[in-house]
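In order, the protein sequences belong to chains A and B.
In terms of the numbering used here, the first sequence is residues 522 to 729.
In terms of the numbering used here, the second sequence is residues 5 to 289.
Ideal placement from N, C-alpha and C gives every residue a C-beta, glycine not left out.
Fair warning: this is a prediction, and the values are worked out from it, not measured in the lab.
Written out below as structure tokens is the structure these notes cover.
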Amino acid sequence: MKFDQSPLSEKSNAIPAGLVADSDEALVHQARQGDFSAFERLFERHRNLVYRFAYQMAPRRDDAEDIVQEVFVKAYQNLGRYRDEAKFTTWLLRITANLGTDKARMSTRRTNLEQKEAMGALSWMTVGTSTEDPVENLEQERRRELLRKAIAALPEHHRNAIVFRDIEEMDYDDIAEYFKCSVGGAKLRVLRARRALRDRLAPLMEGE
Amino acid sequence: MNQDHLNDEQMDSLMRQIFGESEAGDLAMLEGVSASVLEQERIVLNNLRSELRGLKEVPECQLSTEHLRNAILNQGSGSKRTAPWTSFWKFAVPVAACAAIASWMMFGPKTMTQTGQPSSGSIAKNSDHVAQPSLETAPSAAEISKDTQEPVASNQEVTPPVVQDEPEPQTKQPVKSNRRPRGNSGRLASNTSTPAVSLQDLASSAVGAITMGFGSAGNATMKAAPSSDNVSDSANRAIESFGGAERESTNTDSNKVVLVGGGSQFDARANSAMEVDKRDVVFGG
């Protein structure tokens, strides 16, 4: 499918030499030439990654989906600016972090308000259930909520380090690429972020 | 002696162990730490790790490609590039406006303060208001001749005009043209400063116009002139009642009149003129 509003003028749709077919870079190249189906494949491939990252910042489905949509619209509009030296996912996550910060702040505020009203009794129903025991599910959801709040309260670089390494289980190479630092530097950032999170959570977790 | 708490380095070593990233020397780092403290910290960190992994479970993203396509179509591709001249005009218009305001600030108020008068534009408007009534109310040559003839008629004898040693204040004023001002603020200022034109001035200007052979006021007076004799008498008196300096200079040549012809001299770029005895000239239309 050819999209009318292509980010760049139509050129040859052939994949240039050196790019693996169906790789992110090849799809980006095709999308730059106006092939929207290539961009749709990129969207389907990385939608969940962006969504999970957005959800950690704005723990509401609607807000997270709004962020995902904005991220991919922004990515499509700025495909010409994407440089192939960085991974496409890293570029997407950077856009997500930039777009999601303000939205996450509003979303957290709204969520707190709603949870005060509904007492959070039914929030576990929207999240995947690990056990059949409703009481256990509620307790697990309460702990997750505490953890999300603690993560949200961290500085942005600490929060991103935790999300990338301990939630998304990304390689240190990719984390280093995101932070534009060495692998050792990325490891150090993750350690500091864990220590900061532990300091916030320890009083709560020791009591259980 | 066993430690009852972990320092930062020991905490990092323990974290690396729990999160599966242990390095050489981590075990040695934790030697000497109390077992109970280590055990308690292991529990905390294990819980943290498992809870963090559990955060990966999020509700399913229900954003479809159709949503994305519509969003992109609504917001546009964003790759529209503006023409270079657009950015030029974006800056040129405010700069031009600022320059216009600055020039007005520099030159507009300056003329006000220097001359103590309004700017030339407002003077032109004001001078129209001032000059126009003077022209409208200017008496015709017949009226002028009446005024100037009144003493003559009352005395019933023609007496030569008396030349006064001290000229009247009115005669000291320069003769003003009845022409409409042309935006010269200095001339306009003098015009506007004396809005009322004296009768003597009008008479002299009328005579001047007659002798020069041009001028709208002169034409008007010539058309309205009742007879050539009256006009000649009044003109003579008017000529003799010119300003002091003028009078002094013309006293010796009081019988001379300069006739300005219609033809022009090429060298002087002015109308050709000829000085003749005024007794040889018949005034009137």
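For residue i, which residues in the same chain have their Cβ closer than 8 Å to its Cβ, ignoring the five residues on either side in sequence?
i: SER232(B); result: For SER232(B), the predicted model reports a pLDDT of 48, less than 50, meaning its position is unreliable; a value from the coordinates is still stated below. VAL286, PHE287, GLY288 and GLY289.
i: ARG669(A); result: GLN577 and PRO580
i: ASN50(B); result: ILE22
Beta-carbon within less than 7 Å of residue i's beta-carbon, same chain only, minus the 5 sequence neighbours each way: which residues are those?
i: ALA717(A); result: LEU675 and HIS679
i: SER26(B); result: ARG20
i: SER17(B); result: ASP30, MET33 and LEU34
i: GLY621(A); result: ALA575, MET578, ALA579 and ILE588
Residue i to residue j, Cα distance in whole Å?
i: ALA575(A); j: PHE685(A); result: 12 Å
i: GLN44(B); j: GLN66(B); result: 41 Å
i: LEU72(B); j: GLY705(A); result: 38 Å
i: GLU591(A); j: LEU614(A); result: 12 Å
i: ARG665(A); j: PHE92(B); result: 55 Å
i: ASP584(A); j: PHE23(B); result: 31 Å
i: VAL37(B); j: LYS60(B); result: 33 Å
i: ILE616(A); j: LEU548(A); result: 18 Å
i: ALA607(A); j: ALA673(A); result: 27 Å
i: ASP54(B); j: ALA714(A); result: Checking the sequence, you will find Ser at residue 54(B) rather than Asp. Those two C-alpha atoms are separated by around 16 Å.
i: MET578(A); j: GLN551(A); result: 31 Å
i: PRO537(A); j: LEU563(A); result: 18 Å
i: GLU689(A); j: ALA32(B); result: 30 Å
i: ARG571(A); j: LEU659(A); result: Going by the sequence as given, residue 571(A) is Val instead of Arg. Rounded to the nearest angstrom, the two C-alpha atoms are 27 Å apart.
i: PHE609(A); j: ILE588(A); result: 17 Å
i: GLU546(A); j: MET691(A); result: 19 Å
i: LEU667(A); j: GLU657(A); result: 15 Å
i: GLU277(B); j: ASP284(B); result: A quick correction: the sequence has Ala, not Glu, at residue 277(B). Spanning the two alpha carbons is a distance of roughly 15 Å.
i: SER138(B); j: ALA104(B); result: Reliability of the predicted coordinates at SER138(B) is poor, the pLDDT of 41 falling under 50, and no value is obtained from them.
i: HIS567(A); j: PRO655(A); result: 32 Å
i: LYS624(A); j: LYS708(A); result: 28 Å
i: ILE683(A); j: ALA100(B); result: 55 Å
i: VAL48(B); j: ALA723(A); result: 7 Å
i: ARG46(B); j: ASN681(A); result: 24 Å
i: VAL41(B); j: ALA671(A); result: 24 Å
i: ARG721(A); j: PHE593(A); result: 34 Å
i: GLU677(A); j: ARG602(A); result: 24 Å
i: TYR693(A); j: SER68(B); result: 31 Å
i: ALA504(A); j: GLU13(B); result: No answer is possible for residue 504(A): it lies beyond the span of chain A, which begins at 522 and ends at 729.
i: LYS282(B); j: ASN275(B); result: 19 Å
i: ASP695(A); j: TRP612(A); result: 11 Å
i: VAL262(B); j: ARG273(B); result: 17 Å
i: ARG553(A); j: GLU70(B); result: 19 Å
Around the Cβ of residue i, are there at least 16 other Cβ atoms within 10 angstroms (buried) or fewer (exposed)?
i: ALA229(B); result: Confidence at ALA229(B) is low in this model, with a pLDDT of 43, below 50, so the placement of that residue is unreliable and no value is reported for it.
i: ILE76(B); result: buried
i: ASP543(A); result: exposed
i: SER107(B); result: exposed
i: MET110(B); result: exposed
i: GLU662(A); result: buried
i: ASN11(B); result: exposed
i: HIS9(B); result: exposed
i: LYS260(B); result: exposed
i: VAL280(B); result: exposed
i: ALA28(B); result: exposed
i: ASN78(B); result: exposed
i: ARG582(A); result: buried
i: MET627(A); result: exposed
i: GLU565(A); result: exposed
i: ASP605(A); result: exposed
i: VAL541(A); result: exposed
i: VAL62(B); result: buried
i: GLU561(A); result: buried
Any heavy atom of the ligand COA closer than 7 Å to the CB of residue i?
i: GLN14(B); result: What this structure holds is no ligand at all, so the ligand COA is not there to describe.
Excluding the 5 residues preceding and the 5 following residue i in the sequence, name in chain order all residues of the same chain whose CB lies nearer than 6 Å to its CB.
i: ASN188(B); result: Note that ASN188(B) has pLDDT 46, beneath the 50 cutoff, so the model's placement of it is unreliable and the number below is only indicative. So no residue of the chain qualifies.
i: ARG710(A); result: ALA682
For the structure I just gave you, are there three or more beta carbon pairs, one from the stretch 593-609 of chain A and one from the stretch 550-557 of chain A, closer than 8 Å?
yes
Residues of the stretch 703-727 of chain A with a CB closer than 8 Å to any CB of chain B: list them in chain order, please.
LYS708, LEU712, ARG715, ARG716, LEU718, ARG719, LEU722, ALA723, MET726 and GLU727
Along the stretch 602-621 of chain A, what residues have a CB closer than 8 Å to any CB found in chain B?
none
Can you list, in chain order, the residues of the stretch 48-73 of chain B whose Cβ is nearer than 9 Å to any Cβ on chain A?
VAL48, LEU49, ASN51, LEU52, ARG53, GLU55, LEU56, ARG57, GLY58, LEU59, LYS60, GLU61, VAL62, PRO63, GLU64, CYS65, GLN66, LEU67, THR69, HIS71, LEU72 and ARG73
Interface positions of the stretch 537-554 of chain A facing chain B (Cβ-Cβ less than 9 Å), listed along the chain
none
The stretch 94-102 of chain B contacting the stretch 695-703 of chain A, beta-carbon criterion three pairs below 8 Å:
no
Return the residues of the stretch 555-578 of chain A that lie within a Cβ-Cβ distance of less than 8 Å from chain B, sorted by chain order.
PHE557, GLU561, PHE564, GLU565, ARG568, ASN569, TYR572, ARG573, TYR576 and GLN577
Against chain A: residues of the stretch 14-32 of chain B by CB proximity under 8 Å
MET15, ASP16, MET19, ARG20, PHE23 and GLU25
Could you please tell me which residues of the stretch 580-593 of chain A, in chain order, have their CB closer than 7 Å to any CB of chain B?
ARG582, GLU586, VAL589, GLN590 and PHE593
In the stretch 91-107 of chain B, which residues sit with their C-beta less than 7 Å from some C-beta in chain A, listed in chain order?
none
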